[in-house]
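Asks:
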Amino acid sequence: MLDLKLVRSDPDRVRDAMKKKGQGIDLHKLLELDRAARETRTSVEALRHQRKQWNPKKIQGYLAEVLAGRSSLADVANGVLDLPENQPILAQIESGVLELGQGAGQILGVLGRRRKAELAQLEKELAELDLKVRDMELHIPNFPHPSVPVGQSAKENRVVRECGVKQEFRFQPRPHWEIARSLAMIDFDRAPKLAGSGFILFTGPGARLERALVNFMLDLHTENHGFREISGPVLVNRDCMLGTGQLPKFESDMYRIESDDLFLIPTAEASVTNIFRDEILDEAELPIYLTAFSNCFRREAGSYGKQTRGIQRVHQFDKVELVKFVHPDTSYDELEKLLETAGKVLDLLELPYRVLLLCTGDMTFASAKTYDLEVWAPGMDSWLEVSSCSNFEDFQARRARIRFRGQDRKVKFVHTLNGSGLALPRIVAAILETYQKEDGSLAVPRVLRPYMGGLEKISPTG
RNA sequence: GGAGAGGUGGCCGAGUGGUCGAAGGCGCUCGCCUGCUAAGCGAGUGACUGGUGUUGAGCUGGUCCGAGGGUUCGAAUCCCUCCCUCUCCGCCA
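Residue numbers (the numbering used here): 716 to 1177.
1) Would a C-beta distance cut-off of 8 Å place Trp1091 and Leu1066 closer than the cut-off?
2) Check for me: the beta strand (DSSP E) holding His1130 runs from which residue to which?
3) In terms of residues, what are the limits of the beta strand (DSSP E) holding Val863?
4) If I measure Cβ to Cβ from Arg902 and keep anything under 7 Å in the same chain, skipping five residues before and after, which residues do I get?
5) Could you tell me whether the region 1035–1051 touches the region 1072–1080, where touching means 3 or more Cβ pairs closer than 8 Å?
6) Quick check on the burial criterion: 16 or more other C-beta atoms within 10 angstroms. Buried or exposed for Arg1118?
7) Enumerated in chain order, which unbroken segments of the alpha helix (DSSP H) with a length of 4 residues or greater are wholly contained in the region 734–803?
8) On a CA-only basis, which of Arg943, Gly866 and Gln882 is nearest Tyr1004? Give me that one, please.
9) Taking 7 Å as the limit between beta carbons, can you name the residues of its chain near Glu984, skipping five residues before and five after?
10) Spell out the partners DSSP gives Ile1173 in its beta bridges.
11) Given a cut-off of 8 Å on the beta-carbon distance, is the pair Leu957 and Lys847 in contact?
12) Counting only runs of 4+ residues fully inside the region 1045–1087, write out the alpha helix (DSSP H) ranges in chain order.
13) Could you give the distance in angstroms between the alpha-carbon of Ser1105 and the alpha-carbon of Leu762?
14) By the three-class DSSP mapping on this structure, what secondary structure does Ile1026 have?
15) Buried or exposed: Lys1084, going by 16 or more other Cβ atoms within 10 Å of its Cβ?
16) Quick one: give me the first and last residue of the alpha helix (DSSP H) that Asp1033 is part of.
17) According to DSSP, simplified to helix, strand and coil, what is Ala1092?
18) Please state if the CB of Asp968 and the CB of Ala1016 are separated by a distance shorter than 8 Å.
19) Do the CB positions of Ala1112 and Val1126 come within less than 8 Å of each other?
20) So is Glu760 buried or exposed if we call it buried at 16+ other beta carbons inside 10 Å?
21) Is Arg873 helix, strand or coil by DSSP?
22) Exposed or buried, what is Asp850 when buried is set at 16 or more other beta-carbons lying within 10 Å of its beta-carbon?
23) I need the boundaries of the beta strand (DSSP E) containing Ala1007, first residue and last residue.
24) Using 8 Å for Cβ pairs, my map puts Leu837 next to Ala752. What's the rounded Cβ distance?
25) So, for Asn926: in the same chain, excluding its five sequence neighbours on each side, which residues have a beta-carbon less than 8 Å away from its beta-carbon?
26) Report the residue from Leu745, Leu853 and Thr1056 whose alpha carbon sits nearest the alpha carbon of Arg723.
27) Roughly how many angstroms lie between the CA atoms of Arg889 and Gly1058, to the nearest whole one?
28) Can you tell me the Cα-Cα spacing of Asp1062 and Ser1046, whole angstroms?
29) From the DSSP output, read off the bridge partner residues of Leu996.
30) Let me make sure I understand the geometry here. Which of Gly1155, Ala835, Asn939 and His743 has the alpha-carbon closest to that of Ala899?
31) Note the first and the last residue of the continuous beta strand (DSSP E) segment covering Leu977.
32) Return the chain-ordered list of same chain residues with a C-beta closer than 8 Å to the C-beta of Glu1148, the five sequence neighbours on each side being excluded.
33) Output the distance between the C-alpha atoms of Phe965 and Leu853, rounded to the nearest integer angstrom.
34) Using C-beta distances below 8 Å, list every residue in its chain close to Arg876, excluding the 5 sequence neighbours before and after it, in chain order.
Laid out in structure tokens, this is it:
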């Protein structure tokens, strides 16, 4: 979410950003609604203010003034005592039928009921306007950072660098699904019996490789990169999804538990970033680095037939996520560091990869700048996205109200970042295709061996 | 699932239907004092938001006491629903 004041004062910048990102809203309409809401708010607040001025003692005081002849009705309480409905009450007080206190009470009732009716209508209008403004606000994408290339599709992403060397094979490298099948690491035949297609059933060495990767990555990030490990729910509520920007736009992309209105997280970002929702942190606590392993769930509706061969695109996968909460001044340095942190995993696994700077049109809704890491998969002769590292600046922080108190005592929004470190199935695919041997066996990457009981090679068992 | 207790500011914790954004404390900020530190003394210290404006100075309003409804002229305070926390019981991986 952007600062509405900024949207008001510089709508052209917002229009430009929406155009570059290829998504957005009718800004003119938003500004109209916003203006109407503010006008209505002014009226509502004036009425409320007046109402707050009234209490029995005050009214009684006014009446005493009037009865003593020191003031006229029109002169006290902004003249509101001078209503026709009040005349009979005043007459009763004067004639001694009502005591002063009782009379004041009745008059207060008259004033209050009149004001209540006036307010009810306006408050309803205001609530409706606020809701519309809020809804539109939530659909404005984040500004892309000036360093992000402008473009419409993935074709215009920029390759920043390539790391590692693609190895030469003396044989035709096979795709990972063939290797996984022959080594009994993934059971493609029985998996659909459990939850349909798009779910992976790792078996034997495949399952162990998965677990080894998870442990390796978590150890690396906690021991060498300063991250604190988190293990949280994979189901989160609507507020969380709103906070990180999955909602309201992407509801249909997620699995939802209807009975409790909870969502299966598409990424641990959704649970981890929301840990500090509605909090005011201390500046001294920043930066905060968190890492979490989680299962991730994506409906991937409409993507059938596209890159779905093997384990490239599935409904459930495992991922180690990296999340940072940082001071706004440092967030772009932190993004570069995050990219290195994620890349380190691939370096150590000795898998060649490339770094992409996403163009404006290929970035997500909430991101200001995103780098993708793509690992080389020789069997498929293609690059696979295994990490996406983004700086959201204050976009998520504003939605989720994650703030910090600066040294100047002022409250500001933190900047949030996250990156995969890394997504597992595609790493498994890359390992299978990269470490395959001509005899059909698979070498175990050196850094994973301690996590696999010293195993150096996985061979077909027949 | 059943019974009970509770949810108040950065934190802890008072609060009788009207002047309560809310006592007190802690923390924090500034100042004093102390040859350092601690303690002590004094002052200040919520968030969000409308208007105005020297456009995040100042001034002036409004909202917020778990969330949402309701009663009332008026609700932190009374009623209802929901959520969450704690204690006890039951059930269970």
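Glycine included, each C-beta is placed from N, C-alpha and C at the ideal position.
Replies: So, from the data block:
1) yes
2) Following the DSSP letters along the chain, one finds His1130 inside the beta strand (DSSP E) bounded by residues His1130 to Ala1138.
3) Looking at the DSSP string, Val863 is not in any beta strand (DSSP E), and its letter there is neither H nor E.
4) Per the sequence shown, residue 902 should be read as Asp rather than Arg. Within the same chain, Asp902 has close Cβ partners Leu916 and Thr918.
5) no
6) buried
7) 742–768 and 771–782
8) Arg943
9) Thr959, Glu1036, Val1038 and Asn1133
10) Leu1157
11) no
12) 1046–1064
13) 46 Å
14) coil
15) buried
16) Element bounds for Asp1033: not the alpha helix (DSSP H) but the beta strand (DSSP E), Gln1031 to Val1041.
17) strand
18) Yes. Within cutoff.
19) no
20) exposed
21) strand
22) exposed
23) Ile1003 to Phe1012
24) Between Ala752 and Leu837 the Cβ distance is about 11 Å, and since that is not below 8 Å, they are no contact.
25) Inspection of the sequence shows that residue 926 is occupied by Arg rather than by Asn. Taken in chain order, the residues that qualify are Tyr1166.
26) That would be Leu745, whose Cα lies nearest to the Cα of Arg723.
27) 25 Å
28) 24 Å
29) Phe1119, per the DSSP bridge assignment.
30) Gly1155
31) Leu977 to Leu979
32) Pro888, Arg889, Pro890, His891, Ile894, Ala1092, Pro1093, Gly1094 and Met1095
33) Per the coordinates, the alpha-carbon of Phe965 lies some 12 Å from the alpha-carbon of Leu853.
34) Excluding the 5 residues flanking it on each side, Arg876 has same chain C-beta neighbours closer than 8 Å at Arg1069 and Val1070, in chain order.
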